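Protein sequences appear in the order of chains A and B. Numbering-wise, this note's numbering puts 63 at position 63 of the first sequence, and it's gapless, one number per residue. Basically this note's numbering = 1-based index in the second sequence + 1000.
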Amino acid sequence: NAGVTQTPKFRVLKTGQSMTLLCAQDMNHEYMYWYRQDPGMGLRLIHYSVGEGTTAKGEVPDGYNVSRLKKQNFLLGLESAAPSQTSVYFCASRSGGYSNQPQHFGDGTRLSIL
Amino acid sequence: ILNVEQSPQSLHVQEGDSTNFTCSFPSSNFYALHWYRWETAKSPEALFVMTLNGDEKKKGRISATLNTKEGYSYLYIKGSQPEDSATYLCARMNSGGYQKVTFGTGTKLQVIP
């Protein structure tokens, strides 16, 4: 009963390094999302996908790229990490279309950029 | 209201007290409102999905109401317990397009034993 799984759970990077965060869901959900959570800011949408092979920008997309090559996976990439990207990142998924289903969240990835 | 706003930002109540907080949102192009419970060091978990004006939902001691015409929802907790301590998030889903979801910044509840 995995739901939404995020890897890694923690990571420390140096400025300028690159990395990819992986989100995997086993619920056959169409929609997937990447959020960042910063103190006092709530959840802010970085990028989202409405289906395999599609991606779109959210509120705060700069400095991030995403890919959805398989329906179950949504990858978030940082090409050149900056200290401003220190945050907790959450992935979420939900059924597509006009469904009344809420989002299901992963446990988060805590990322520190030095 | 242009964004999803929650009040108060934080709240301390004594064990056994009842409490409530508010989520305000734009009423135009409304499709659904979600309430989530977010415990520290965990991920948000859905409490309620509400769509119709006048909707009332209940789960144990927690209940919620929805007014889509004026753009607000209330979350009520009856007889608060320490395990209710968490941040309560609301998220508005709009109609049309990809059903954009906008989260409020949450109400952090601390129940004092």
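Built from N, CA and C at the ideal position, the CB exists for glycine as well. Just so we're clear, the structure is a prediction, and the values are computed from it rather than from any experiment.
If you draw a straight line from the alpha carbon of residue 1066 of chain B to that of residue 1060 of chain B, how long is it in whole angstroms?
Rounded to the nearest angstrom, the two C-alpha atoms are 18 Å apart.
On the criterion of 16 or more Cβ atoms from any shown chain inside 10 Å, does residue 10 of chain A qualify as buried, or is it exposed?
Result: exposed.
Whose C-beta lies closer than 8 Å to the C-beta of residue 1036 of chain B among residues of the same chain, with five residues either side of it excluded?
Answer for residue 1036 of chain B: 1044, 1045, 1046, 1047, 1088, 1089, 1090 and 1091, listed in chain order.
Near-chain B residues of the segment 16–44 of chain A (beta-carbon distance less than 9 Å), N- to C-terminal order
Within the segment 16–44 of chain A, the residues whose Cβ lies closer than 9 Å to some Cβ of chain B are 31, 33, 35, 40, 41, 42, 43 and 44, listed in chain order.
Buried or exposed by the 16-neighbour rule on C-beta atoms within 10 Å, applied to residue 1084 of chain B:
Result: buried.
Exposure label - residue 1112 of chain B; buried when at least 16 CB within 10 Å:
With fewer than 16 Cβ atoms within 10 Å of its Cβ, residue 1112 of chain B is classed as exposed.
Are there 16 or more other CB atoms within 10 angstroms of the CB of residue 1009 of chain B, so buried, or fewer, so exposed?
The residue is exposed, with fewer than 16 neighbouring Cβ atoms inside 10 Å.
Please name the residue, chosen from A:90, A:55, A:81 and A:42, that lies closest to residue 4 of chain A on a Cα-to-Cα basis.
Minimum Cα distance to residue 4 of chain A is reached at A:90.
Who are the neighbours of residue 1054 of chain B on chain A, taking C-beta pairs under 9 Å?
Here the premise fails: no neighbours, minimum Cβ distance about 16 Å.
Interface flag, residue 1034 of chain B vs chain A, CB-CB below 8 Å:
The Cβ of residue 1034 of chain B sits closer than 8 Å to at least one Cβ of chain A.
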